[in-house]
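**Student:**
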Amino acid sequence: MATLTFFGKLADVMGRERSLALPQAVSTAGALKDYLCAQDSVFAEVSAQSALRIAVNDVLADDAVAIRDEDEIAFMPPFSGG
Amino acid sequence: MIDLLSDDFDPAARLSAFTASVDGAGAIASFVGLVRDQSADARVRRLRLDYHPTLTRASIEAAAQAAARRWGLRDILVLHRVGDVQAGAPIVLAATAADHRRAAFEACDHLMDYLKTQAPFWKLEITDQGERWIEPRAQDYKDAARWRA
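Protein sequences appear in the order of chains A and B. Counting from 1, position 61 in the first sequence corresponds to residue 66 in this note's numbering; the numbering is continuous, with no gaps. Counting from 1, position 148 in the second sequence corresponds to residue 612 in this note's numbering; the numbering is continuous, with no gaps.
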């Protein structure tokens with residue numbers, strides 16, 4: 006099972022953490038984002054509003070990065086500190 | 465020193481301790497950010513700062529190391545609140561120690577631009593009219609872009 010984590014407004018709509026058995030076709034971070042958009046209209050709405058950042062095992066990743074079933078994948082709205 | 469703080473802190477005391485700990489610097493620049501009590505159309509009660517358990521600190525540490533190399537800093541202090549921060553309370557303290565003032569000023573300015581747009585924090589603004597997640601303004605991204613070498 007992969008562990009998916011969500012931050013900022015995504016945590017409001019998805020919860021902080023979910024486990025997911027990655028479907029066979031979902032082999033990259035970008036494919037997982039597309040999968041979640043298809044599964045969940047609220048996730049799709051947030052994703053359409055602003056470019057989400059993804060981290061795989063605590064490293065910022067682009068959509069092409071490969072993911073496996075034991076990975077932890079974080080979905081993050083635009084950063085806003087200070 | 466980089467730290468994420470769950471409770472209120474005293475910027476003056478922390479800056480004073482930082483100043484005492486730096487050897488040989490000729491200049492220290494600092495910035496204190498406070499939670500404003502007004503947004504565009506509502507009175508702000510507090511902010512809630514969400515963060516990533518490992519990535520947030522690691523990102524700030526990497527940015528601080530890069531700034532130390534670029535400006536030849538002697539030391540850096542970044543304290544950033546997480547969790548609930550009341551209106552009027554300090555949310556961030558950034559301080560830079562260098563041999564001369566220009567490096568200290570520029571590095572401190574740069575670190576604040578970094579924190580605004582590139583450090584993994586998320587701000588929920590809680591007002592008397594309700595709650596909303598805040599995203600950086602276009603000006604914040606423009607400010608951050610000034611530092612691209």
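Don't be surprised by glycine CBs; every beta carbon is placed ideally from N, CA and C. Just so you know, these numbers come straight off a predicted model, no measurement behind them.
Whose C-beta lies closer than 6 Å to the C-beta of Arg-58(A) among residues of the same chain, with five residues either side of it excluded?
**Tutor:** Met-81
**Student:** Quick check on DSSP: helix, strand or coil for His-574(B)?
**Tutor:** helix
**Student:** Please tell me whether Ala-561(B) and Asp-539(B) are closer than 9 Å, where the distance is taken between their beta carbons.
**Tutor:** The answer is yes: Cβ separation under 9 Å.
**Student:** Closer than 7 Å between beta carbons: that is the criterion. Which residues of the region 31-64 of chain A meet it against chain B?
**Tutor:** Ser-55, Ala-60 and Asp-63
**Student:** Short check: CB of Phe-12(A) to CB of Ala-79(A), under 9 Å?
**Tutor:** yes
**Student:** Answer yes if the region 586-594 of chain B comes into contact with the region 466-475 of chain B, meaning at least three C-beta pairs across the two stretches below 8 Å, and no otherwise.
**Tutor:** no
**Student:** Is the CB of Ala-79(A) under 9 Å away from at least one CB in chain B?
**Tutor:** yes
**Student:** What does the alpha-carbon distance come out to for the pair Ser-494(B) and Arg-478(B)?
**Tutor:** 11 Å
**Student:** How about Ala-36(A) and Asp-76(A): do their beta carbons lie closer than 9 Å?
**Tutor:** no
**Student:** Residues of the region 495-520 of chain B in Cβ contact with chain A at a cutoff of 7 Å, in chain order, please.
**Tutor:** Gly-497, Asp-514, His-516, Thr-518 and Leu-519
**Student:** How many angstroms separate the CA atom of Ala-489(B) from the CA atom of Ser-46(A)?
**Tutor:** Put simply, the backbone Cα of Ala-489(B) is about 54 Å away from that of Ser-46(A).
**Student:** Taking the Cβ atom as the reference point for each residue, do Trp-535(B) and Tyr-578(B) lie within a distance shorter than 9 Å?
**Tutor:** Result no, Cβ atoms of Trp-535(B) and Tyr-578(B) do not sit closer than 9 Å.
**Student:** Using alpha carbons as the reference points, say which of Met-576(B), Ala-531(B), Val-499(B) and Leu-537(B) lies closest to Asp-607(B).
**Tutor:** Met-576(B)
**Student:** Against chain B, with Cβ distances strictly below 9 Å, would Ser-85(A) count as a contact?
**Tutor:** yes
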